Each structure stands twice: as C-alpha cells, then as structure tokens.
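In our numbering, the protein residues as written are 94 to 392. We put the beta carbon where it would ideally sit given N, CA and C, even for glycine. Note that the structure is a prediction, hence the values are computed from the model and not measured. Read the structure below first, then the notes.
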C-alpha cells in the first residue's frame with residue numbers, strides 16, 4: 094500500500110510445477126517499496142512452500158549490471174566491493190567458485206577490510222561472506238554506485254560453502270551479476286520465509302570502505318589541520334558536523350547534500366574545548382535524522 098513516504102509494488106509468481114525444477118511447489122513473492130526524497134528501494138522477498146513435503150532453500154537475489162559503457166570495451170571501469178573483516182574464507186575474504194584462481198579480476202584487500210572484483214571481461218565467479226551486510230557495484234569512470242544492504246546472520250548455515258554474497262563475471266556479453274543470499278531455511282508445507290534487502294544509489298567512486306543507513310564512505314573522517322572525508326549519501330538533505338564531549342554537543346557546520354553529488358568534506362574546523370568525538374549526522378529535507386554518516390574519536 095502506498096504512503097506519503099513511499100510507493101509499493103507487489104509481485105507474485107505462480108507455484109512451480111515443472112518436474113525438472115528442484116524447487117517444485119515453491120511460490121515467490123516480492124514487495125518493493127520506493128521511497129521519496131531518497132534512492133532507497135526496500136525489497137522484501139518471500140518464498141512459500143505450497144508443496145506437501147518439507148524443503149530447505151535459500152533466497153538467492155541476482156542483479157545483472159553492465160560491464161562496459163555503450164560503444165566501448167572499458168571493462169576495467171566497473172568494480173564490486175564487499176567487506177571482509179571477519180571472513181571465514183581467509184585473508185582474501187573470498188573463494189573462487191568458477192574461473193582461474195589467480196585471475197587479475199579478483200582483488201584482495203583493495204583497502205582495509207575490503208576486497209573487490211574488477212570486471213575485465215573474463216568468465217568467473219567468487220563467493221564471500223559479507224559480515225557487515227553490504228555489497229556495492231561502482232562505475233568508476235562516471236562515479237555511480239549501486240548498493241545492496243541486508244541483515245547478516247552469524248552462526249546460520251549459508252549455501253555455497255557459506256557465501257552470503259557472490260559476484261559472477263561474464264566472458265560473453267559484458268555484464269556482472271551482484272548476488273545476495275539468505276541463510277538456508279527449512280519450510281514445512283504452508284510455511285514461508287522473508288528475506289529483506291535495502292537497495293540504494295549514489296554518486297561516489299571506490300574503494301568503498303563502509304556502508305550505513307546514511308550513505309557510503311570512500312575516505313574515512315580524519316582530523317589533520319582540519320576535517321576531511323569523502324562520501325556518497327542516500328538522501329537529499331543536510332549533513333551537520335557535530336563535536337561531542339564533556340562540554341556537550343556543538344554544531345560547527347552544515348552542508349546541503351544530495352545522492353546526485355559526491356559529498357567531499359574539507360573544512361578547517363577546530364575541536365572545541367572538551368571535544369572527544371566528531372560526528373557527521375545526516376538529516377532529510379524535513380529535518381528528520383537519518384543516521385550517522387561517519388564519526389571519529391579524537392581523544
């Protein structure tokens with residue numbers, strides 16, 4: 094149902110009846126909400142067991158994205174980033190499911206806590222466990238980012254040796270698949286399971302270091318003769334620069350921001366007396382707080 098803040102679309106598949114499909118008896122539903130004043134798209138994906146036996150499945154969400162610009166073969170312009178801080182797949186944070194183990198497309202540790210895939214027109218696939226619950230596709234030439242966020246369930250069993258995200262690269266038509274997987278769940282007859290993702294878009298190049306409700310972080314906040322950082326935001330509104338500490342909160346700056354422009358912070362603010370932390374707080378156009386874009390402890 095539509096609301097003042099969003100418009101909603103419902104999709105429902107027929108029950109699978111083909112004998113040759115493993116998922117016979119399964120129905121798939123999607124509720125898609127598009128939010129005003131933001132690039133946020135909420136995707137609620139429900140699988141329902143309409144069969145007569147207990148089944149065990151995972152929701153497998155696949156988005157196909159372009160691997161070159163029209164009329165060009167600039168494959169190297171397109172990257173997919175994902176976090177690897179607590180990866181079960183070792184220091185690289187991923188494992189190769191298909192293709193060459195040492196393919197130059199696979200980019201381990203492009204930044205602290207982040208690995209990536211750079212599409213080079215080779216066929217292959219990697220799996221990773223995105224412990225922070227995000228994956229991000231970036232057009233590095235034009236500076237556009239498409240992000241999927243989701244809840245990660247530590248301790249749950251995921252398919253494909255424990256992968257919660259996967260990236261497929263095509264050797265034919267130039268495209269990449271950005272994939273998110275839910276844990277494996279058992280469904281009794283009549284049972285259902287819903288897996289939720291939030292999709293966003295913004296203007297920002299990589300590497301992507303963090304993703305949160307407010308946006309993406311390309312360069313973390315730092316205080317060296319001033320404040321610096323670089324971000325892509327998900328909502329139109331303003332970012333306030335706030336110092337917090339023993340003397341309370343002090344707003345020292347405010348910036349109009351939009352998903353259509355990269356937010357580059359470079360200011361000469363000095364911490365006031367007693368300041369212990371600096372926060373970048375995002376508000377929407379109505380003044381509603383969305384979330385903290387970045388923060389830094391300074392004492």
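Distance from residue 124 to residue 98 at the Cβ level is roughly 15 angstroms; contact not present, criterion being Cβ atoms closer than 8 angstroms.
Judged by DSSP in its simplified three-state form, residue 106 adopts coil rather than helix or strand.
Secondary structure in the stretch 186-247: the beta strand (DSSP E) runs of 3 residues or longer, each lying completely within the stretch, are 187-191, 199-204, 207-211, 217-221, 227-232 and 237-243 in chain order. Straight across, the Cα-Cα distance linking residue 331 with residue 372 is about 13 angstroms. A buried status is given to residue 299, since no fewer than 16 other beta-carbon atoms sit within 10 Å of its beta-carbon. Rounded to the nearest angstrom, the gap between the Cα atoms of residue 191 and residue 219 is 7 angstroms. In the DSSP secondary-structure assignment, residue 96 is bridged to 99. By the CB criterion at 7 angstroms, residue 387 and residue 289 fall outside the cutoff.
Distance from the CA of residue 154 to the CA of residue 181, rounded to the nearest whole angstrom, comes to 21 angstroms. In this structure, residue 217 lies away from residue 287, with their beta-carbon atoms at least 7 angstroms apart.
Taking C-beta separations shorter than 8 angstroms and ignoring five residues to either side along the sequence, the partners of residue 244 in its chain run 226 and 289, following chain order. Contact check for residue 348 against residue 133 fails: the beta carbons are separated by 7 angstroms or more.
Counting C-beta pairs closer than 8 angstroms gives fewer than three between the stretch 319-327 and the stretch 245-259, which falls short of the contact rule. Non-local C-beta neighbours of residue 212 in its own chain, meaning closer than 7 angstroms and more than five positions away in sequence, comprise 160, 168, 171, 198, 262 and 269, ordered along the chain. Taking C-alpha positions only, residue 355 is separated from residue 343 by approximately 25 angstroms. In terms of CA proximity to residue 229, 302 leads the group 146, 363, 302 and 379. Distance between residue 392 and residue 296, taken at the CA atoms: about 32 angstroms. Each of 137, 325 and 338 was checked against the Cα of residue 368, and the nearest Cα belongs to 338. By the CB criterion at 7 angstroms, residue 383 and residue 377 fall inside the cutoff. Relative to the Cα of residue 232, the nearest Cα in the group 281, 188, 253 and 163 belongs to 163. Scanning 273, 249 and 144 for the CA closest to the CA of residue 285 turns up 144. Check the Cα spacing between residue 110 and each of 345, 121 and 204: the tightest is with 121. Linking residue 206 to residue 304 through their CA atoms gives a straight-line distance of about 12 angstroms. Under the criterion of beta carbons closer than 8 angstroms, residue 127 and residue 100 qualify as touching, at roughly 5 angstroms.
Checking the DSSP bridge columns, you'll see residue 156 partnered with 271. With contacts defined by Cβ atoms closer than 7 angstroms, residue 279 and residue 224 do not form a contacting pair. DSSP lists 321 as the beta-bridge partner residues of residue 359. Sequence-distant partners of residue 209 (beyond 5 residues in either direction) whose C-beta falls short of 8 angstroms from its own C-beta, in its chain, are 172, 173, 174, 175, 200, 203, 299 and 300.
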